[in-house]
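The working numbering applies: residue 281 is where the sequence shown begins, and numbers increase by one. Below: the structure, in structure tokens.
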Amino acid sequence: MPEKTLKSYADHGNPGKQVQQTYDEAAQVIKAVADAGIDLDDVFKVLEDEGVQKFTDSWDELTKSVRSELDPARHRTKPQLTPASNPPNRLTVNQC
281 MPEKTLKSYA DHGNPGKQVQ QTYDEAAQVI KAVADAGIDL DDVFKVLEDE
331 GVQKFTDSWD ELTKSVRSEL DPARHRTKPQ LTPASNPPNR LTVNQC
């Protein structure tokens, strides 16, 4: 967790109920949703699949962007070391 978030929470955060204190309420909500005819297993699967796809799309976009920046650099002429005119026996880097 970012340090800024931790500091903000320490300054003015307010913890809610502990998870252990809400099990019964959560079970009632899950039952009510199922009783309403909503297939939560399907909902969870769709959410997971869509989340994974969004991550994959973002990752592919990032790697494509990085690759497009690196490819031109790969094809540039490599520098060659050549003797310098002043002082003798010193090398300089010149682009071809």
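For every residue, glycine included, the Cβ atom is placed at its ideal position computed from N, Cα and C. Treat the numbers as computed from the prediction; the structure is a model and nothing was measured.
Measure the alpha-carbon distance for residue i versus residue j and round it to whole angstroms.
{"i": "GLY296", "j": "THR302", "result": "10 Å"}
{"i": "VAL299", "j": "GLN333", "result": "30 Å"}
{"i": "THR343", "j": "GLU328", "result": "22 Å"}
{"i": "SER345", "j": "ALA306", "result": "43 Å"}
{"i": "ARG347", "j": "MET281", "result": "30 Å"}
{"i": "THR336", "j": "LYS325", "result": "16 Å"}
{"i": "ASP315", "j": "SER288", "result": "40 Å"}
{"i": "ALA353", "j": "SER338", "result": "23 Å"}
{"i": "THR285", "j": "ASN294", "result": "13 Å"}
{"i": "LYS311", "j": "ILE318", "result": "10 Å"}
List the whole-angstrom C-beta distance separating residue i from residue j, where the pair is believed to meet the contact cut-off of C-beta under 8 Å.
{"i": "LEU320", "j": "VAL313", "result": "6 Å"}
For residue i, I'd like the list of residues in its chain whose CB is within less than 7 Å of its CB, leaving aside the five on either flank, ordered along the chain.
{"i": "GLU283", "result": "none"}
Where do the ends of the alpha helix (DSSP H) carrying residue i lie?
{"i": "ALA353", "result": "320-355"}
{"i": "GLN308", "result": "303-315"}
{"i": "LYS284", "result": "283-292"}
Counting only the same chain and skipping the five closest in sequence on each side, list residues whose C-beta sits under 8 Å from that of residue i.
{"i": "GLU330", "result": "none"}
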